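Here the sequence shown stands for residues 6 to 88, numbered as in my numbering.
Every residue, glycine too, gets a C-beta built ideally from N, C-alpha and C.
As the structure is a prediction and not an experimental result, all values here were calculated from the model.
To keep things clear, I will list the structure first and then write my remarks on it.
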Amino acid sequence: MIKVKIGRASNQQINFLEVKGHAHSAEYGKDLVCAAVSAVVTGGFNNLNNIDDYEVILKEGHAVFETYTPFDAHDETVIETIV
Numbered sequence: 006m007i008k009v010k011i012g013r014a015s016n017q018q019i020n021f022l023e024v025k026g027h028a029h030s031a032e033y034g035k036d037l038v039c040a041a042v043s044a045v046v047t048g049g050f051n052n053l054n055n056i057d058d059y060e061v062i063l064k065e066g067h068a069v070f071e072t073y074t075p076f077d078a079h080d081e082t083v084i085e086t087i088v
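Here is the structure:
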């Protein structure tokens, strides 16, 4: 099962996003659900303007985004789109 945890700051911006697990909808290497989730999350993180301002961890089956500083409108749109 793919699990998603989301945290929001007092200004309602997402300041924490964790995606982990596997869909197990097909055998390893052929799971299109996992591939789709990985593509959206990785593609989104790669599209962030200010990547150095955030903690981003990408490992097989696990992605984490965390920030304690507000981000610009573009990066907010990217993170909201991932969710």
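- About 4 Å separates the CB atoms of Thr72 and Tyr59; that is less than 8 Å, so the two are in contact.
- CA-CA distance, Glu81 to Arg13, rounds to 12 Å.
- Secondary structure of Phe70 (DSSP, three-state): strand.
- The Cβ atoms of Asn55 and Phe76 sit closer than 8 Å to each other.
- The C-beta distance from Glu65 to Ile19 rounds to 23 Å, too long to fall under 8 Å, and the pair is not in contact.
- Linking Ser15 to Thr74 through their CA atoms gives a straight-line distance of about 12 Å.
- Each residue's CA atom was taken as its position, placing Ala31 and Val38 some 9 Å apart.
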